[in-house]
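A.B. asks:
Protein chains: 4
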Amino acid sequence: MSPSPHTLSVPPPDIVRSAYVDLVVADLARARAFYVDLLGLIVTKETEDAIYLRTFEEFIHHNVVLRQGPQPGAAAFGYRVRTPEDVDRAEAFFAALGCRVKRARDGFVDGIGDAVRVEDPLGFTDEFFYQTDHVDRLTWRYDLHCATPLARLDHINLVTPRVQEGCDFLAALGFRITEDIRDGDGVTYAAWLGRKQTVHDTALTGGDGPRMHHLAFSTYESHHVLALCDRLGALSQTSAIERGPGRHGVSNAFYLYLRDPDGHRVEIYTHDYYTGDPDNPRITWDVTDERRRDWWANPVVPRWYSEASSVLDLDGIPRPLDIREEPREERVVVGADGFTVDTATDQETKIGSQL
Amino acid sequence: MSPSPHTLSVPPPDIVRSAYVDLVVADLARARAFYVDLLGLIVTKETEDAIYLRTFEEFIHHNVVLRQGPQPGAAAFGYRVRTPEDVDRAEAFFAALGCRVKRARDGFVDGIGDAVRVEDPLGFTDEFFYQTDHVDRLTWRYDLHCATPLARLDHINLVTPRVQEGCDFLAALGFRITEDIRDGDGVTYAAWLGRKQTVHDTALTGGDGPRMHHLAFSTYESHHVLALCDRLGALSQTSAIERGPGRHGVSNAFYLYLRDPDGHRVEIYTHDYYTGDPDNPRITWDVTDERRRDWWANPVVPRWYSEASSVLDLDGIPRPLDIREEPREERVVVGADGFTVDTATDQETKIGSQL
Amino acid sequence: MSPSPHTLSVPPPDIVRSAYVDLVVADLARARAFYVDLLGLIVTKETEDAIYLRTFEEFIHHNVVLRQGPQPGAAAFGYRVRTPEDVDRAEAFFAALGCRVKRARDGFVDGIGDAVRVEDPLGFTDEFFYQTDHVDRLTWRYDLHCATPLARLDHINLVTPRVQEGCDFLAALGFRITEDIRDGDGVTYAAWLGRKQTVHDTALTGGDGPRMHHLAFSTYESHHVLALCDRLGALSQTSAIERGPGRHGVSNAFYLYLRDPDGHRVEIYTHDYYTGDPDNPRITWDVTDERRRDWWANPVVPRWYSEASSVLDLDGIPRPLDIREEPREERVVVGADGFTVDTATDQETKIGSQL
Amino acid sequence: MSPSPHTLSVPPPDIVRSAYVDLVVADLARARAFYVDLLGLIVTKETEDAIYLRTFEEFIHHNVVLRQGPQPGAAAFGYRVRTPEDVDRAEAFFAALGCRVKRARDGFVDGIGDAVRVEDPLGFTDEFFYQTDHVDRLTWRYDLHCATPLARLDHINLVTPRVQEGCDFLAALGFRITEDIRDGDGVTYAAWLGRKQTVHDTALTGGDGPRMHHLAFSTYESHHVLALCDRLGALSQTSAIERGPGRHGVSNAFYLYLRDPDGHRVEIYTHDYYTGDPDNPRITWDVTDERRRDWWANPVVPRWYSEASSVLDLDGIPRPLDIREEPREERVVVGADGFTVDTATDQETKIGSQL
């Protein structure tokens with residue numbers, strides 16, 4: 001049995017934010033068409049088998065690495081730490097936890113220097129780094145803006161079977177829980193945890209895991225999200241739209257979920273709120289509040305719950321799945337997504353299935 | 001058999017636009033809460049059993065009359081005509097068609113003078129009027145704006161079994177067809193027809209009729225539509241949201257469909273286009289184009305197709321329904337709403353029903 | 001003395017809308033950079049010495065012709081008429097008025113057929129045409145949208161010394177006055193007149209004339225106007241911004257005024273209102289209402305009043321200017337633009353000149 | 001001579017953010033009309049001589065205290081600190097600097113507990129506190145949203161004669177400089193400094209000081225700023241608009257400056273960027289870049305530079321002004337605000353003064 005992160009005498013690294021995702025794709029050209037031509041991410045660097053992309057407001061080397069590989073998966077989740085010494089702290093912390101740890105003084109990917117990758121207790125491969133090449137921050141380059149200027153990598157969302165256990169681990173790493181979805185029996189269905197002062201850097205979604213639920217880019221205003229939908233219509237690529245656009249209850253953000261050509265889910269996200277005070281109030285949503293996932297109570301597409309990306313271990317091998325034994329959010333019936341009250345009859349009716 | 005409107009020697013009235021709907025509601029207080037407190041329509045006049053409402057930019061007496069009645073229904077669809085003499089023309093035109101006609105020199109409702117009501121060949125009760133009280137146009141009254149300022153009554157949408165026949169009748173009345181939905185066999189599923197220079201004043205939706213599918217108010221920008229959804233969430237009234245928000249393929253408008261407490265459907269609508277040239281090109285959408293009803297190919301809620309309001313005859317009696325015998329849009333399978341291509345598998349999957 | 005257009009027995013043509021401007025520019029390449037690269041107008045056709053441009057929602061051949069010429073000027077203002085016979089009517093009407101008239105059965109410019117050009121009583125060269133090539137209406141082509149999709153040519157604005165006289169002439173041509181700026185002495189400073197159902201097709205601004213004050217393109221939402229400003233900042237082309245962005249009092253539209261490389265003024269315009277009813281109420285603004293030109297009472301740049309483009313006669317020669325003898329709007333002191341009440345002192349203070 | 005904050009052995013408090021302003025107003029009822037009726041701030045508490053106001057997303061007791069007083073002024077700038085012990089640290093830090101210090105274990109104002117107020121080396125009265133009553137965060141209360149929902153107190157902006165010296169002091173307090181305006185001679189005209197992860201909590205503007213330049217509330221999207229302007233027009237209160245709306249160069253935010261009935265300046269602000277990384281790149285704007293204050297190079301109203309609010313000492317007495325001896329931004333001629341290049345002549349022309 002692994003030691004508890006809470007009883008370790010070794011301090012955790014000081015994490016600044018979720019900074020990048022190392023993504024394996026089966027067809028690099030198709031992935032480029034999606035992330036560059038469609039989403040308009042900026043190419044920092046491009047090699048034969050990898051593309052390094054960043055958002056408009058980013059000044060570090062990249063927020064996404066697309067790498068050609070045998071099967072799609074999330075190879076690593078990159079967290080930026082506050083100082084070079086925090087990379088050492090990360091190495092020591094995870095080693096003390098009994099995790100597999102790998103140090104690369106010259107970095108695992110281009111544009112990033114000394115870093116450590118670990119297989120964390122939840123089964124995800126995380127990278128911790130400080131050193132990175134600075135590149136042009138394009139905040140003021142409105143001449144380069146496309147329909148939907150993606151400003152920042154806002155967060156990652158991970159699927160794990162035991163959300164409460166995951167929260168405990170991330171809390172030991174210094175994350176603050178800002179919101180969660182629970183029921184009256186004490187089951188936690190999902191949680192949002194942050195290091196930077198937004199609602200989250202990392203969210204945990206209950207389900208068979210470890211898997212990556214999605215990565216999310218922030219844009220500026222809600223019309224930017226609509227413009228992307230309009231563009232997808234014009235390009236006959238509406239099948240990329242999985243869910244939304246809509247307003248989240250959790251986080252209050254305006255959202256859209258897309259699926260990339262490899263099935264990786266990408267959220268476009270805008271307009272959450274400041275959480276930087278030490279006593280920032282946690283919001284707990286009851287799992288039966290039909291507004292928690294969509295503030296307008298529009299139904300969630302079922303596969304949004306069930307599908308997610310593989311995550312890879314330090315050797316690039318997909319992690320086996322651990323099955324969720326607690327209740328699943330999509331099976332909670334009363335008031336769950338897709339149900340609403342029919343005004344005419346005052347009866348609850350399942351929208352989308354009565355044809 | 002009725003005479004054809006096209007072979008009549010009697011000229012039709014010169015219709016300016018769809019101007020108001022006379023709506024019967026079962027509970028006037030609940031209807032007031034919806035149209036006034038929630039949607040923010042302006043009360044021009046209020047009596048014990050009727051409320052006269054208008055939009056922000058309207059200068060005629062009202063766009064909606066809510067009238068307490070035994071059962072909900074649409075009592076009349078009011079069209080404004082160009083001159084007082086066009087009321088005479090309307091009377092003569094419909095009389096020549098063999099329709100039941102009723103003239104009220106002092107008007108059928110408050111705020112409107114000399115008018116004629118007719119039971120038109122499609123089974124709808126229409127009113128034609130010129131005289132009306134002018135009231136303050138509140139275009140510049142930003143201090144009165146609520147979350148979603150409703151600027152204009154944009155159009156009405158009617159359900160009729162034989163859409164092509166309905167188009168022929170409305171064309172004889174001077175309407176231009178701007179868009180329609182058809183299939184390769186020559187079936188018309190729906191059509192949009194205008195007198196003013198937008199996409200429509202009146203739309204025809206194929207189905208059992210005569211019924212009223214919805215009335216639509218225009219607002220200014222897409223964020224105004226989102227704000228209404230956000231407000232409905234905050235008020236726990238999301239069950240009023242039936243479909244959307246989204247972008248229409250047909251008309252290019254940004255839309256939201258609500259249901260009022262009596263089940264009458266109300267659309268919030270913005271951003272269609274100019275159609276005033278004599279040779280304005282008609283857009284025909286193939287019924288299998290999944291973007292026709294929602295440009296982003298988000299699924300249409302089935303009851304959006306099947307449910308609609310009763311329409312009342314000149315005596316206030318609900319009209320019996322004539323069943324549609326041509327194919328129904330919601331039963332056309334390939335590419336119909338709710339189907340999309342799954343990126344992962346390249347298979348068509350029905351969104352919203354695979355739980 | 002010319003015959004009055006009101007006493008003519010010859011009927012005027014039925015004008016549909018202002019449809020295009022034939023614009024002479026001194027440097028076609030610089031003009032192209034402005035209208036195509038910056039504003040994103042669609043090139044319908046391009047020859048060595050002329051470029052034919054249209055807006056996204058246009059289906060006729062063009063809304064602007066840019067033509068290389070010895071000196072900048074507005075060569076003609078093109079109005080579309082309802083039928084081919086209305087071109088004959090236009091010819092007869094202006095001939096009866098004693099105006100110089102020129103007919104071109106094959107059109108004066110590419111993409112337009114039978115047309116007549118006239119030197120109208122106010123000194124402007126107008127063209128009336130019905131026949132035109134239809135081109136793709138790009139309303140749904142969101143994939144082609146730039147920062148500020150220009151949807152339509154909304155109107156033209158002309159400088160003339162005697163606005164009331166100009167109104168009388170345009171009224172005889174069938175235009176409805178929707179708004180005007182007047183003072184207590186009966187002086188008219190400016191007027192807005194429409195054929196289509198918006199606030200105007202043609203506006204008259206009091207000043208030395210005939211000159212062209214500006215041409216205006218409509219866009220969809222206010223953020224599209226802001227996006228163009230942001231883009232101009234990024235391109236270090238802010239000197240193209242002359243006035244705005246802001247909200248007009250007159251017309252209620254959100255606006256921005258640019259100057260093209262030849263000094264022609266271009267307005268980006270969105271969100272005016274429906275004026276199609278026969279008794280649409282005219283709005284008269286007092287010249288001392290500081291909100292008439294900018295609803296927020298932000299000062300008008302003086303050269304916005306004083307500068308305008310030459311207009312050319314049928315031979316391409318700039319028209320001599322007739323000096324305005326009535327009071328000039330920019331000289332009306334109390335409450336005129338640039339003045340506001342200082343909250344601290346309750347004194348009126350001229351913004352922008354107290355440095 | 002005071003000891004340098006940089007050589008102190010006493011650590012500074014860990015400041016979380018600028019949290020509230022204690023504002024003295026001459027007429028509380030007029031101030032209430034401005035901040036509550038017009039701006040829509042939420043009243044947390046109201047007594048006979050003070051009103052405690054907060055923004056929609058705030059969960060601490062207030063962001064503004066309006067207090068009736070003999071003459072308008074800023075009585076204190078409240079900073080929240082990370083722990084109760086940081087209040088002790090603040091007390092010790094400023095005492096060691098030789099500043100006047102006052103501790104109030106029960107708080108200086110309602111809703112806030114143990115706090116210390118100091119007269120800082122720049123002449124401003126600052127308050128440091130941790131304990132505060134939690135109140136409802138209204139983030140999701142869209143039913144309460146007015147035209148311009150104010151989400152957060154974003155920052156305060158202070159006038160001081162020696163900006164570089166001010167920066168040094170704030171850096172010793174732990175602030176990061178994110179942007180500044182400088183010239184080639186090494187003069188600093190203004191600087192933006194942050195504790196939370198936005199562009200700033202406190203800005204320093206060069207001028208005669210100490211004075212308060214403005215306090216700023218953030219809203220969500222640019223249209224919310226426009227809606228407030230539109231509302232001011234409708235209420236004939238446009239004299240409250242001092243400058244804008246516009247896009248800042250510095251901070252990239254969309255802005256509007258108002259003046260309250262006492263002349264206190266209030267900014268409405270949205271859309272700056274994340275600055276939380278330890279090596280966040282500082283942006284230095286040259287004072288001659290005409291886009292630094294307005295990205296569109298629209299001229300700055302001169303009194304925006306020259307006027308500001310008094311600040312009060314611990315006894316409530318206005319602080320005497322120390323005159324700026326370095327060059328003043330508004331006197332820097334070439335390329336300064338209000339100048340732009342005239343496209344027609346390629347000459348630099350002063351907008352707003354050539355009438």
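Chains as they are written, first to last, in the UniProt record's numbering: chain A, 1 to 355; chain B, 1 to 355; chain C, 1 to 355; chain D, 1 to 355.
Just so you know, even glycine gets a beta-carbon here, dropped at the ideal spot from N, CA and C.
All values reported here derive from a predicted model rather than from experimental measurement.
Whose Cβ in chain D lies nearer than 7 Å to the Cβ of Gly233(B)?
C.D. replies: Near Gly233(B) (Cβ distances below 7 Å), the residues of chain D are Tyr142.
A.B. asks: Confirm, please, whether the CB-CB distance from Arg319(C) to Val210(C) is below 7 Å.
C.D. replies: Sequence check: residue 210(C) is Pro here, not Val. Yes, Cβ-Cβ distance for Pro210(C) and Arg319(C) is below 7 Å.
A.B. asks: Do you know offhand how far Val250(D)'s Cα is from Tyr189(C)'s?
C.D. replies: Whole-angstrom Cα-Cα distance: 40 Å.
A.B. asks: Using a Cβ cut-off of 8 Å, pull out every chain D residue sitting near Ile268(C), in sequence order please.
C.D. replies: What Ile268(C) touches in chain D: nothing, since even the nearest Cβ is about 13 Å away.
A.B. asks: Buried or exposed for Glu91(B), going by 16 or more other Cβ atoms inside 10 Å?
C.D. replies: Under this definition Glu91(B) is a buried residue.
A.B. asks: Are the beta-carbon atoms of His248(D) and Asn157(D) separated by less than 7 Å?
C.D. replies: No; because the gap between Cβ atoms is not below 7 Å, this pair is not in contact.
A.B. asks: Return the residue from the list Gln71(B), Ile112(B), His62(B) that minimises the CA-CA distance to Val311(B).
C.D. replies: Comparing Cα positions, the closest option is Gln71(B).
A.B. asks: Using a C-beta to C-beta distance shorter than 7 Å, which residues of chain B count as neighbours of Arg49(A)?
C.D. replies: Per the sequence presented here, residue 49(A) reads as Asp, with Arg not at that position. Under the 7 Å cutoff, chain B gives no residues; its nearest Cβ is about 23 Å from Asp49(A).
A.B. asks: Go ahead and label Gly174(A) buried or exposed: buried means 16 or more other beta carbons lie within 10 angstroms of its beta carbon, across all protein chains shown.
C.D. replies: The residue is exposed, with fewer than 16 neighbouring Cβ atoms inside 10 Å.
A.B. asks: Is any non-hydrogen atom of the ligand COA found closer than 6 Å to the C-beta of Pro278(D), if you look at the structure I gave you?
C.D. replies: Ligands in the displayed structure: none, and consequently the ligand COA is not present.
A.B. asks: How would you call Thr83(A), buried or exposed, if buried means at least 16 neighbouring beta carbons within 10 angstroms?
C.D. replies: Exposed.
A.B. asks: Which whole runs of the beta strand (DSSP E) in the UniProt domain "VOC" (152–271) of chain B are 3 residues long or more, in chain order?
C.D. replies: Here the runs fully enclosed are 152–160, 176–182, 188–194, 202–206, 211–218, 241–247, 254–259, 265–270.
A.B. asks: Kindly list the residues whose CB is nearer than 6 Å to the CB of Ala75(C), restricted to its own chain and excluding five residues on each side of it in sequence; keep chain order.
C.D. replies: Asp22, Val24, Leu312.
A.B. asks: Measure the alpha-carbon distance for Thr148(D) versus Arg89(D) and round it to whole angstroms.
C.D. replies: About 38 Å.
A.B. asks: If I measure Cβ to Cβ from Pro3(C) and keep anything under 8 Å in the same chain, skipping five residues before and after, which residues do I get?
C.D. replies: The answer, listed in chain order, is Ala96, Leu97, Gly98.
A.B. asks: Nearest to Asp14(A) by CA position, among Thr44(A), Lys196(A), His155(A), is which residue?
C.D. replies: Cα-wise, what sits closest to Asp14(A) is Lys196(A).
A.B. asks: If distances are taken between C-alpha atoms only, which option among Ala240(A), Ala191(A), Gly123(A), Pro261(A) comes closest to Ile317(A)?
C.D. replies: Among Ala240(A), Ala191(A), Gly123(A), Pro261(A), the Cα nearest to that of Ile317(A) is on Gly123(A).
A.B. asks: Are Ser218(B) and Asp154(B) closer than 7 Å when you measure CB to CB?
C.D. replies: Yes, the Cβ-Cβ distance between Ser218(B) and Asp154(B) is below 7 Å.
A.B. asks: Rounded C-beta distance between Ala203(B) and Cys167(B)? I'm assuming under 8 Å.
C.D. replies: Ala203(B) to Cys167(B), Cβ: 10 Å. No contact.
A.B. asks: Can you tell me which of the three DSSP states Pro318(B) falls into?
C.D. replies: Three-state result, Pro318(B): strand.
A.B. asks: If I follow the unbroken beta strand (DSSP E) through Leu66(A), where does it start and stop?
C.D. replies: Run containing Leu66(A): 64–68, per the beta strand (DSSP E) assignment.
A.B. asks: For chain C, find out if any of its Cβ atoms is closer than 7 Å to the Cβ of Asp230(A); answer yes or no.
C.D. replies: True, the Cβ-Cβ gap to chain C drops below 7 Å.
A.B. asks: Are any of the Cβ atoms in chain A nearer than 7 Å to that of Trp296(B)?
C.D. replies: Yes, its Cβ sits closer than 7 Å to a Cβ of chain A.
A.B. asks: When the cut-off is 7 Å and only beta carbons count, does Thr139(A) lie next to chain D?
C.D. replies: Thr139(A) counts as touching chain D.
A.B. asks: Does any residue of chain C have a CB that is nearer than 7 Å to the CB of Asp286(B)?
C.D. replies: For Asp286(B), the answer is no, since every Cβ of chain C falls outside 7 Å of its Cβ.
A.B. asks: For Ile42(D) and Ile268(D), what's the separation of their Cα atoms in angstroms?
C.D. replies: Using only the alpha carbons, I get a separation of about 16 Å.
A.B. asks: Tell me the residue span of the alpha helix (DSSP H) that contains Ala29(D).
C.D. replies: Looking at the DSSP string, the run of the alpha helix (DSSP H) that includes Ala29(D) is 28–32.
A.B. asks: Do you know how far the Cα of Leu53(C) is from the Cα of Cys146(C)?
C.D. replies: In a straight line, the C-alpha of Cys146(C) is about 15 Å away from that of Leu53(C).
A.B. asks: Could you run through the stretch 196–223 of chain C and flag, in chain order, every residue whose CB is less than 9 Å away from some CB of chain D?
C.D. replies: Listed in sequence order: Glu221, Ser222, His223.
A.B. asks: Identify which residue in Asp322(A), Leu144(A), Leu28(A), Asp114(A) has its Cα closest to the Cα of Arg231(C).
C.D. replies: The residue with the shortest Cα to Cα distance from Arg231(C) is Leu144(A).
A.B. asks: Roughly how many angstroms lie between the CA atoms of Arg100(B) and Ala227(B), to the nearest whole one?
C.D. replies: Going from the Cα of Arg100(B) to the Cα of Ala227(B) covers about 44 Å.
A.B. asks: By Cβ distance, which residues of its chain are closer than 6 Å to Glu326(D), with the 5 residues on each side in sequence left out?
C.D. replies: These residues qualify, in order along the chain: Val187.
A.B. asks: For the beta strand (DSSP E) containing Phe124(C), name the first residue and the last one.
C.D. replies: Careful: Phe124(C) lies outside any beta strand (DSSP E) and carries neither H nor E.
A.B. asks: So, at 8 Å on beta carbons, what are the nonlocal neighbours of Pro5(B) in its own chain, with the 5 sequence-adjacent residues on each side left out?
C.D. replies: Excluding sequence neighbours, Pro5(B) sits near Pro12, Phe93, Leu97, Pro121, Asp168, Phe169, Ala172, Leu173.
A.B. asks: What's the call for Thr125(D), buried or exposed, on a 16-neighbour Cβ count within 10 Å?
C.D. replies: By the 10 Å Cβ count, Thr125(D) comes out buried.
A.B. asks: What's the gap between the Cα of Arg17(C) and the Cα of Leu193(B)?
C.D. replies: About 20 Å.
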